[in-house]
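First up is the structure itself, then whatever we jot down about it.
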Amino acid sequence: MALFTKEEALKYHSMKRKGKLEVISIKPCRNQKDLSMAYSPGVAEACRAIHADTEKVYEYTNKGNLVAVVSNGTAVLGLGNIGPEAGKPVMEGKGVLFKIFSDVDVYDLNIAAKTPDEVVAFCKMLEPTFGGINLEDIKAPECFEIETRLKKEMNIPVFHDDQHGTAIISAAGILNALEISGKKIGEIKIVVSGAGAAATACSNLYVHMGVRRENIYMFDSRGLIHAGRTDLNEYKRAYAQKAAATMAECMNGADMFLGLSVKDAISQDMVKTMAKNAIIFACANPDPEIPYQDVKDVRPDIIMGTGRSDFPNQVNNVLGFPFIFRGALDCRATTINEEMKMACAEALAALAKEPVAKEICEAYGVDRLEYGIDYIIPKPLDPRVLTWLAPAVAKAAMDTGVARVRLDLDQYKKDLEARMAASKARTNLVVDTFGYDL
């Protein structure tokens, strides 16, 4: 059942101040002295300090807490290439999530850029202002080239969430599911429905974790990716099987199905043939590749997750990007590497084994949440996600030599708790003041 009507959604975005974000001054400007320090002549002192030592930009400006959400609107949610204007509500929404979950400030930058060269050139010009760049809703295969080039050519974190978000969250689920089933990651067979940005990034991360590349059977809209096809780009060719096969044939004996495609991609008959204690992550939204109950009706042993919040084990990107950027920004990482992604996944998997507070259970309308086949991924509203993931990401950055600041991780966790309490108080004050009630 829908939680809202079309009219309610449009009213939410349009009532009172338009959109979902606002820039608010955080320093006083009540008298002549305040004004002279905020701008001329007092601002010159900050300018001189930064000119003498560029790293002081993190001390005297908001760069260390500012992320650009950059999109050209070519692959927006399930809506496709709808353009930068139509994609802007999504990018504003991304800014809301960054702020609510990790107190990261965002400017959403929706650009009329058609080619990878244009996107890359634009992003590179942003480096003096932003502490990180979150690429969003850019179509494949261009998104792969754009992120790869920017990671090489920039000294701030660049992260395409459509690729890596699902990969990281699903990786956490895999770690726990394999522990529960007693299987070894190097021996599992995976069927992937979808061959876009998310599917490719998921498969790449799984290989990094130990899955054998030849055990990944990836399907696009034309069928299995195999060596006999002549329509494959370099990213698809990396997962080409030796010979053609049907989805039903590949599902037979599979230990995992990952769906990043469309509803009804697989059937109950296919599910029946999967290996014992198999994993299904059916992430198409709003309708998964196969309904949750259809799977449980024929194979109750299967560990299943979807992209929906109304079923167990939601694979939700909001469990990743806010905390990855929080940790990366705070240690001033120059990049987000594979070790940082895995540290996030491992911390998320470990948190799922911890007792869950009663108020979190109540927020999701359940009596309890306990580690097992119906709870292998923590809930986004669990406040501990921040203090588990951000320090893990920062530690991995420090351990791999990409951090420019070393953090006392014990103190950092305390600082994060205090930071979020203050951020929530400010946000609630603004919302309550404007009276945003539908």
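In terms of this note's numbering, the sequence shown opens at residue 113 and continues consecutively. No residue lacks a Cβ here, since even glycine has one placed at the ideal position from N, Cα and C. These figures come from a predicted structure and were not determined experimentally.
Do you know whose CA, among the options, lies nearest residue i's CA?
i: Met-454; options: Asp-442, Pro-503 and Ser-421; result: Pro-503
i: Leu-555; options: Leu-122, Lys-388, Glu-239 and Asn-184; result: With the chain covering 113 to 550 only, the question about residue 555 has no answer from this structure.
i: Glu-171; options: Gln-353, Lys-526, Ala-475 and Arg-444; result: Arg-444
i: Phe-213; options: Asp-544, Ile-281, Lys-536 and Ile-378; result: Lys-536
i: Ala-506; options: Met-203, Ala-459 and Gly-335; result: Ala-459
i: Phe-234; options: Ala-252, Asp-217, Ile-258 and Ser-373; result: Ile-258
i: Thr-447; options: Asn-364, Gln-353, Lys-263 and Asn-288; result: Lys-263
i: Lys-175; options: Val-542, Phe-437 and Asp-273; result: Phe-437
i: Thr-545; options: Lys-226, Thr-342, Lys-128 and Arg-531; result: Lys-128
i: His-272; options: Lys-251, Asn-143, Ala-289 and Leu-290; result: Lys-251
i: Leu-191; options: Val-374, Asn-540 and Val-430; result: Val-374
i: Ala-198; options: Ala-360, Ser-148 and Asp-249; result: Asp-249
i: Leu-541; options: Ile-194, Ala-530, Ile-136 and Gly-477; result: Ile-136
i: Asp-442; options: Ala-508, Ser-293, Gly-340 and Met-237; result: Ala-508
Three-state secondary structure (DSSP) at residue i?
i: Asn-397; result: coil
i: Phe-433; result: helix
i: Ala-469; result: coil
i: Leu-519; result: coil
i: Thr-358; result: coil
i: Val-270; result: strand
i: Val-323; result: coil
i: Met-237; result: coil
i: Asn-389; result: coil
i: Phe-331; result: strand
i: Leu-189; result: coil
i: Asn-174; result: coil
i: Tyr-483; result: coil
i: Leu-115; result: coil
i: Gly-365; result: coil
i: Met-428; result: The residue you asked about is not Met; residue 428 is Asn in the sequence shown. Coil at Asn-428, not helix or strand.
i: Gly-131; result: coil
i: Gly-244; result: strand
Beta-carbon within less than 7 Å of residue i's beta-carbon, same chain only, minus the 5 sequence neighbours each way: which residues are those?
i: Cys-473; result: Asp-479, Arg-480 and Leu-481
i: Pro-196; result: Ser-183, Asn-184, Gly-185, Asn-222, Ile-223 and Ala-224
i: Pro-434; result: Leu-209, Phe-210, Phe-213, Ser-214 and Val-216
i: Val-169; result: Ile-162 and Lys-175
Hey, residue i and residue j: beta-carbon distance below 7 Å or not?
i: Ile-297; j: Val-319; result: no
i: Ile-488; j: Asn-425; result: yes
i: Pro-269; j: Ala-440; result: yes
i: Ala-350; j: Lys-301; result: no
i: Met-182; j: Leu-247; result: In the sequence as displayed, the identity of residue 182 is Val instead of Met. Closer than 7 Å, so yes.
i: Ala-164; j: Phe-242; result: no
i: Asp-229; j: Glu-204; result: no
i: Asn-397; j: Pro-492; result: no
i: Gly-277; j: Gly-432; result: yes
i: Tyr-483; j: Ala-461; result: no
i: Asn-389; j: Asp-409; result: no
i: Thr-512; j: Glu-466; result: no
i: Ile-328; j: Ile-415; result: no
i: Cys-456; j: Leu-501; result: yes
i: Met-368; j: Ile-391; result: yes
i: Thr-499; j: Lys-470; result: no
i: Phe-116; j: Ser-282; result: no
If I measure Cβ to Cβ from residue i and keep anything under 8 Å in the same chain, skipping five residues before and after, which residues do I get?
i: His-125; result: Gly-131, Lys-132 and Pro-201
i: Asp-406; result: Gln-380 and Val-383
i: Leu-372; result: Thr-278, Val-304, Ser-305, Gly-306, Gly-308, Ala-310, Ala-311, Cys-314, Cys-395 and Ala-396
i: Asp-343; result: Arg-334
i: Met-363; result: Val-303, Phe-369, Ile-378, Met-382, Val-383, Thr-385 and Met-386
i: Cys-141; result: Leu-147 and Ala-150
Among residues of its own chain, excluding the 5 on either side of residue i, which ones have a beta-carbon nearer than 6 Å to its beta-carbon?
i: Ala-307; result: Met-330, Asp-332 and Lys-348
i: Val-208; result: Lys-132
i: Lys-295; result: none
Could you give the residue range of the alpha helix (DSSP H) that holds residue i?
i: His-125; result: 118-126
i: Ala-509; result: 496-511
i: Ser-148; result: 144-150
i: Ser-214; result: 195-214
i: Val-514; result: Looking at the DSSP string, Val-514 is not in any alpha helix (DSSP H), and its letter there is neither H nor E.
i: Tyr-351; result: No alpha helix (DSSP H) contains Tyr-351, which DSSP labels as neither H nor E.
i: Tyr-476; result: Taken as a continuous stretch (DSSP letters only), Tyr-476 belongs to no alpha helix (DSSP H), as it is neither H nor E.
i: Cys-159; result: 155-164
i: Lys-408; result: 404-410
i: Lys-554; result: In the structure displayed, the chain extends from 113 to 550; residue 554 sits before or after that span and is not available.
At what residues does the beta strand (DSSP E) containing residue i begin and finish?
i: Asp-343; result: Where Asp-343 is concerned, there is no enclosing beta strand (DSSP E), given that its DSSP letter is neither H nor E.
i: Asn-87; result: The question about residue 87 has no answer here: the residues shown for the chain are numbered 113 through 550.
i: Ile-415; result: 415-418
i: Val-304; result: 302-305
i: Ala-455; result: Per DSSP, Ala-455 belongs to no beta strand (DSSP E); it is in the alpha helix (DSSP H), 450-463.
i: Val-179; result: 178-183
i: Phe-256; result: It is not in any beta strand (DSSP E) - Phe-256 instead sits in the alpha helix (DSSP H) that spans 254-265.
i: Ala-250; result: Rather than Ala, the amino acid found at residue 250 in this sequence is Ile. Element bounds for Ile-250: n/a, residue is neither H nor E.
i: Gly-371; result: 368-371
Heavy atom of the ligand SAM less than 6 Å from the Cβ of residue i, yes or no?
i: Val-182; result: Ligands are entirely absent from the displayed structure, and the ligand SAM is therefore not among its contents.
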